[in-house]
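All you need for our numbering is the position in the sequence shown, starting with 1, plus 544.
For every residue, glycine included, the Cβ atom is placed at its ideal position computed from N, Cα and C.
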Amino acid sequence: MDLKNCIECGRSFASKDGEKLCKRCLDKKVEDDFKKVRDYLYDHPGADIKEVSDVTGVEEKIILKLLRQDRIEVVDEENSILKCKSCGKPIKSGRLCDDCKKIEFAKSLKDAGEEIKNSIEADNSKKVAYYSR
Numbered sequence: 545m546d547l548k549n550c551i552e553c554g555r556s557f558a559s560k561d562g563e564k565l566c567k568r569c570l571d572k573k574v575e576d577d578f579k580k581v582r583d584y585l586y587d588h589p590g591a592d593i594k595e596v597s598d599v600t601g602v603e604e605k606i607i608l609k610l611l612r613q614d615r616i617e618v619v620d621e622e623n624s625i626l627k628c629k630s631c632g633k634p635i636k637s638g639r640l641c642d643d644c645k646k647i648e649f650a651k652s653l654k655d656a657g658e659e660i661k662n663s664i665e666a667d668n669s670k671k672v673a674y675y676s677r
C-alpha cells in the first residue's frame, strides 16, 4: 500500500492497486456514473452496454458492475450478457438466477438450523450438578 494524494480532492489516502481517487471521491464518481447510466436507460430502455457506454462516457466494466450489484437490469433476459454464476442461465442482473437464489436461500436456512440445533444439543449435554450443605 502506498500513501498518495487524491487527484480529485487532494486528500492523502492509502492506495492499493494504484488507485488515484480516495474512497470518498471514488464513491461519488461511482454514484455519478450510476445516475448517468440510470437516466440514459430511463429514456432508452432497450439500449445495449456499448451504446450506453458510448453516450454516457461510463466504462463498460462499470456498467457490468452496476448490473451485478442489482442497481440496473437488462430489459430482455434472453439477450442478457450476464449469466447465473451457478447454472449459466441468462439473467437480468445480480449474480444468480431466481431458481439458484431459492436454492442458496434454502441451503442457508438449513445450515443456520443445523447450527442452532448443534448449539442447543451442546447446551443440553452439559451436566449440571447441585450440592446441598
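Assignment of D561 by DSSP, reduced to helix, strand and coil, places it in the coil class. For L640, the secondary structure class from DSSP, reduced to helix, strand or coil, is coil.
In this structure the segment 633-647 touches the segment 607-615; the number of beta carbon pairs closer than 8 Å is three or more. CA-to-CA, the gap between K573 and A650 works out to about 37 Å. The C-alpha of S652 lies about 30 Å from the C-alpha of V619.
Between the segment 575-586 and the segment 603-610, the count of Cβ pairs shorter than 8 Å is three or higher; the stretches touch. As for any alpha helix (DSSP H) of minimum length 4 sitting wholly inside the segment 564-593, the runs are 567-587, ordered along the chain. In the assembly as shown, L626 is a buried residue. Its beta-carbon has 16 or more other beta-carbons within 10 Å. Counted as a single uninterrupted DSSP element, the stretch harbouring K670 is not any beta strand (DSSP E), since DSSP gives it neither H nor E. One alpha carbon belongs to D561, the other to C628, and they sit about 28 Å apart.
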